[in-house]
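To convert, count from 1 in the sequence shown and add 2; that's my numbering.
For every residue, glycine included, the Cβ atom is placed at its ideal position computed from N, Cα and C.
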Amino acid sequence: MASTLSDQLEEVRCHAEACLYSTGSVLEVRAGISAMANIPLPPSVKYRYIAAETMIIENGVNNIRKETIGSLQRLSTALNILEKYGCNLTSSSRPKYWRAVKHNNPVFRATVDAIQGGRAVLCLYGYSNQQPDGLSFPDEVVEPDIEKVAAVTLEVMSLRMELDMLIKEAHPHPEFFERIIPSLNQKDDFGPISDAVAIPSSLRESQPLYMSLASLSQSPTSAFLPVRTANASTSTSISTRHTERANHHRTVVTSSKMRKNHSSLLSWHCTHCTRVNSNQDILCETCERPRLASSGSAKDDFPQPFTITEWQCKSCTVLNAGSSILCAVCERPRLATKPPATPTRPTPTPNRPAAPVLGMPGDPDSQWMCQFCTYINYTPASVCEMCDLPRPEPTKMRVKLHPPSQVKKVPVLSVKPKEPPMEDPDLTRQKLMKEEGLKLIQLIRDGEKKGVSPEEVYTGMRVSGVGNILPCDWLKAELPHLLDQICATVTSSLAADLKAGQNQNGTGTSEDTGVEEEQTRRGGVTLSRAEAKLAWLSAGGDTERAVKQALRDRHSKVKELCSLGFTDEVRCQEVLRQSEGEVRGALSLLQRPLMEPFHQRMWSDQPEPPIDINHPDKQRVCRRLLAVYDLPSWGRCELALSLLQERTAPYSLDDVVQAVRESHDRDFIRRVLAKECPICLSDFPHSKMQSLTSCQCSVCCGCFQQHFTIAVRDKHIRDMVCPVCWEPDINDPEHLNSYFSTLDIQLRECLEPEVYDLFHKKLTEQALIKDPKFLWCSHCSYGFIYDGDQLKVTCFQCRNSFCAQCKKPWESQHGGLSCERYQSWKRENDPEYQRQGLAGYLRDNGITCPNCRFQYALSKGGCMHFSCSQCRYQFCSGCNNPFHTTCAVIHCSVTGLHAHHPRDCLFYLRDWEPGRLQALLQNKGVEFNTDTPPGTQAGLCGVIEQKDESGQQTDSACGAQTQPGHAGLCEKHYREYLVSLINSHSIDPAPLFNANELVLACRRYQVDDARGELEDDVTYYTRILEKLIDEVPLGDKVPRKK
3 MASTLSDQLE EVRCHAEACL YSTGSVLEVR AGISAMANIP LPPSVKYRYI
53 AAETMIIENG VNNIRKETIG SLQRLSTALN ILEKYGCNLT SSSRPKYWRA
103 VKHNNPVFRA TVDAIQGGRA VLCLYGYSNQ QPDGLSFPDE VVEPDIEKVA
153 AVTLEVMSLR MELDMLIKEA HPHPEFFERI IPSLNQKDDF GPISDAVAIP
203 SSLRESQPLY MSLASLSQSP TSAFLPVRTA NASTSTSIST RHTERANHHR
253 TVVTSSKMRK NHSSLLSWHC THCTRVNSNQ DILCETCERP RLASSGSAKD
303 DFPQPFTITE WQCKSCTVLN AGSSILCAVC ERPRLATKPP ATPTRPTPTP
353 NRPAAPVLGM PGDPDSQWMC QFCTYINYTP ASVCEMCDLP RPEPTKMRVK
403 LHPPSQVKKV PVLSVKPKEP PMEDPDLTRQ KLMKEEGLKL IQLIRDGEKK
453 GVSPEEVYTG MRVSGVGNIL PCDWLKAELP HLLDQICATV TSSLAADLKA
503 GQNQNGTGTS EDTGVEEEQT RRGGVTLSRA EAKLAWLSAG GDTERAVKQA
553 LRDRHSKVKE LCSLGFTDEV RCQEVLRQSE GEVRGALSLL QRPLMEPFHQ
603 RMWSDQPEPP IDINHPDKQR VCRRLLAVYD LPSWGRCELA LSLLQERTAP
653 YSLDDVVQAV RESHDRDFIR RVLAKECPIC LSDFPHSKMQ SLTSCQCSVC
703 CGCFQQHFTI AVRDKHIRDM VCPVCWEPDI NDPEHLNSYF STLDIQLREC
753 LEPEVYDLFH KKLTEQALIK DPKFLWCSHC SYGFIYDGDQ LKVTCFQCRN
803 SFCAQCKKPW ESQHGGLSCE RYQSWKREND PEYQRQGLAG YLRDNGITCP
853 NCRFQYALSK GGCMHFSCSQ CRYQFCSGCN NPFHTTCAVI HCSVTGLHAH
903 HPRDCLFYLR DWEPGRLQAL LQNKGVEFNT DTPPGTQAGL CGVIEQKDES
953 GQQTDSACGA QTQPGHAGLC EKHYREYLVS LINSHSIDPA PLFNANELVL
1003 ACRRYQVDDA RGELEDDVTY YTRILEKLID EVPLGDKVPR KK
């Protein structure tokens, strides 16, 4: 049986894994997971990858069943998050940051990281690389192992489903988990379920659940309600206490069918995704589809007591079907609460007619009292006229419908006139309050139009009385005199208090008293009208209280000013009068004389006095530093002052302030303030040092200026590099442009104007050289732009002519002939050219700079490293490839000055014997000279070449001994002549390579030279020769002149 279950589990597992990482539907995956969860096998056998039993024990073992269920719920939540991680990895469209899981993720920290074994599951997914902030896949892993991730994810999903069924008591085989967690065997506190008690259907909605059995026994049974007893023994003892039940014995009757269906009553299966949900859930937790019908318990014969057939909407109270989610009338959700009452603004109450009719004053039934302010309102109004609160709704009385009665004729009776009702004193009082309030509102609005505040209107109305004079008119006519009276009273009181205070201190004399009286008469200590008005308003119009209030206010203001350091009370009284009692304005007036010297110094044309660092008041110096140089803190100011006061370090104030603003480390600041210039070996602060962007070297501003001034005046533009390390290597045109664009900004500030203009001129010439229309004169080496289309060009400098194409001096025979035909004519008819022989040929086919196209009538023999005198470009004279120190070729390990040459360059072919070169030409049918031309000097080579003599480069004849059969040239220049023929006819020298040269060439140009098994020498060398010729072409910059 076990083997059969294991085979069944393996079959279900394989099918579900295939659906998970392939294009299988969600229903198939869910069905497979449900099938795995329902197989009766223990977790240690059912789960192959994850340690399910260990995770359940570490996260769910507890002595209390309720806490155990809570732990299993937390484990299920964490498994849900782990399931999402696995589904993201198996999905075809994975998230952007799928390679890492961050620990600071709040969801990860609260779920996966909060359980035991969560990170182990992530390691099974492939997150095995521990990072400081999380887990990630190893760098060598490009894609996750989809099959393994799918298998682990499937087990996570299955375990989560089993835990959900276990929590909701719907697991088909809970004995496997009860064996692991013994606390799951504990029962609930409210005991087992007893027999069902019949409850009438009419009482099911209106009666409470604890109704008496007597009322239940009188109605027919239409539904069953399971009743739980608190404790069987307790209930038995209670029921047998009565004397008539002395011999009664209680027998507990249990229903097996009820126990069987108890778990199904607490949960339901989703028909779409087979998710086990709680019976209280309306929507499925996974697919969010409605419950509709339960497939698990619908087939039982026992009726479901708690099946909901209809529900009442809490908003509109309509009864809806139990399967509906929204209300059929108001379309509100089933679980929505009753909406709050939205207060609406009632329509304005219509004007009441004068005659008392129904619903108007005079009719007692039309009145209603506000519950908040007890104001009597009338029936058409639904809002209180005083407090604007709505009228309370009266309780609705049920209207009893009676059958229509027969119409009887009633004799008409005489109607007595209705006596007028007695006037209510509360109503009269409210009318009076309303009239006074409306009158006050109108007075306030009139006062606002005249610029009078509401406080003044109200106080003026109280003071002026109920006479015919209006408050605004009274304020305009009488208030100024009243305020002057208050000011005079307060002034006399202030003068008396001031005199009494001086006499008490013993400082008053007759002369001082006379001065004070004079000041009082001139208004020295007086109260302003604004202060008097404020006191009058705060006193409610009472003059005596206003005087006392004004005195208290003035004394408090003077006391406040004295606490700020201004002890002259007479002066404080005066400035308070000038500022109309405003403390801020009085303080400004008192501070103005103290700020006068500062204002004069600020607005004067004289320079700011320097900061005296030796001043005895250090706080004053620090305040000056903080204000003038805007240092970040007071501690930085003290640090700057201590550095300036050091005797062994003569620092300037600006340098110290700049260094202190950057750092607070004293040692670092000292290193910044004392940097040694590598040229003049003097110490300078960092702000006085300059450096280029291409290196880390720093020199002082003086040496920087002197170096570049000499370089601009006396040297080439390419010599303008760092004076310490001679970087950068500006052979690269792109590097050259970026370097000079940055250098231009630095030189603009340190060079003299004429030197900077010369730098710009040389920089412009360097840019013009690259123009294809730029020509060099072959007579005077002057360069210019030529836009014409004629071959004959006249130099603007020396007025000599030359050919624009072949750059040879112009002769009349060149007119009407191409450069090739002119060279052929010259070789056949010019005796001087014939006398020079191959030396003239090598001169005409000399060196041309690939950067500026300047031509040199020199041979290529000797050192292949050539430096152009016009643009300082360094290149190989045989293949025109550049020489550089920073190589851009991949897998190049050479660090010094070098170039990469093709296999047909003179750099390699100059080592061949002349006979070998002649054989290469003979194989291709190319003719070459071997005889000495007539008229040449015998025994000495006359080819012009560039020589380095005592550090100077000079052009002179070779002078080496000639060899017979070498056409009057030395062996070195004869090889150069043969190589020039090979290059002009684009002949590949590879067919004449021996075995060692062929293997070396393959390794030099990174051609695979691996030898196959059982491959002989002839086949091997033939194969790698063809591979070398096919994969590595000849040099594209090699001169091909004929």
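By the beta-carbon neighbour count (other beta carbons within 10 angstroms, threshold 16), residue 581 is buried. A straight line joining the alpha-carbon of residue 769 with that of residue 854 spans about 10 Å. Under the 10 Å beta carbon count, residue 179 is surrounded by 16 or more other beta carbons and is classified as buried. Separation of residue 452 and residue 546 (C-alpha to C-alpha, rounded to the nearest whole angstrom) is 28 Å. Taking residue 664 as reference, the option from 631, 30, 565, 156 with the minimal CA-CA separation is 631. A residue is called buried once 16 or more other Cβ atoms fall within 10 Å of its Cβ, and residue 538 is buried on that count.
For residue 477, the enclosing alpha helix (DSSP H) covers residues 473-479. By the Cβ neighbour-count rule, residue 73 is buried, with 16 or more other Cβ atoms within 10 Å of its own. For a cut-off of 8 Å, the C-beta gap from residue 628 to residue 636 is around 7 Å, short enough to register as a contact.
Cβ-Cβ distances below 7 Å link residue 113 to 79, 80, 83 in the same chain, with the five nearest sequence neighbours on each side left out; the list follows chain order.
Annotation for residue 661: 671, 674, 675 place their beta carbon closer than 6 Å to its own, counting only its chain and skipping 5 residues before and after.
The residues 14, in chain order, have a CB closer than 6 Å to that of residue 37 in the same chain once the five nearest residues on each side in sequence are set aside. Inclusion of residue 1002 and residue 922 in the CB contact set at 8 Å is not warranted, their separation being larger than that value. A Cβ-Cβ distance of about 26 Å is found for the pair residue 91 and residue 41, leaving them out of contact under the 8 Å criterion. Look at the beta carbons and you see the region 545-560 touching the region 527-534: at least three pairs across the two are nearer than 8 Å. Secondary structure in the region 764-807: the beta strand (DSSP E) runs of 3 residues or longer, each lying completely within the stretch, are 776-778, 785-787, 794-796, 803-805 in chain order. Uninterrupted alpha helix (DSSP H) stretches at least 4 residues long and entirely within the region 891-939 occur at 908-911, 916-925, given in chain order. Straight-line spacing of the CA atoms in residue 594 and residue 601 works out to 9 Å. When the alpha-carbon of residue 620 is set against those of 849, 927, 647, 46, the nearest one is in 647.
Contact between the region 717-725 and the region 680-697 is present, with at least three C-beta pairs closer than 8 Å. Where residue 271 is concerned, the enclosing beta strand (DSSP E) starts and stops at 269-271. Between residue 720 and residue 874, the beta carbon gap of about 4 Å places them in contact (Cβ cut-off 8 Å).
By the criterion of at least three beta-carbon pairs nearer than 8 Å, the region 955-975 is not in contact with the region 1000-1014. Buried is the label assigned to residue 372, since at least 16 other Cβ atoms lie within 10 Å of its Cβ. Apart from the 5 residues on each side of it in sequence, residue 465 sits with its Cβ closer than 6 Å to the Cβ of 543 in its chain, given in chain order. Non-local C-beta neighbours of residue 638 in its own chain, meaning closer than 6 Å and more than five positions away in sequence, comprise 662, ordered along the chain. Residues 793, 794, 805, 810, 824 of the same chain have their beta carbon placed closer than 8 Å to that of residue 816, with the five preceding and five following residues left out of the count. Taking a cut-off of 8 Å for Cβ pairs, the region 965-972 and the region 874-888 do not touch, as fewer than three such pairs fall below it.
Annotation: residue 774 to residue 138 spans about 56 Å, alpha carbon to alpha carbon. Excluding its 5 nearest sequence neighbours in each direction, residue 61 has C-beta neighbours in its own chain below 8 Å: 73, 74, 76, 77, 117, 118, 119, listed in chain order.
Within the DSSP bridge table, the entry for residue 857 names 850 as partners. For residue 542, no beta strand (DSSP E) run applies, since DSSP gives it neither H nor E.
A distance below 8 Å between beta-carbons, with the five flanking residues on each side excluded, links residue 634 to the following residues of its chain, in chain order: 663. Of the candidates 925, 981, 926, the residue whose Cα lies closest to the Cα of residue 908 is 981.
For residue 497, DSSP assigns no beta-bridge partner whatsoever. With a contact defined as Cβ atoms closer than 8 Å, residue 1031 and residue 1011 miss out at about 14 Å.
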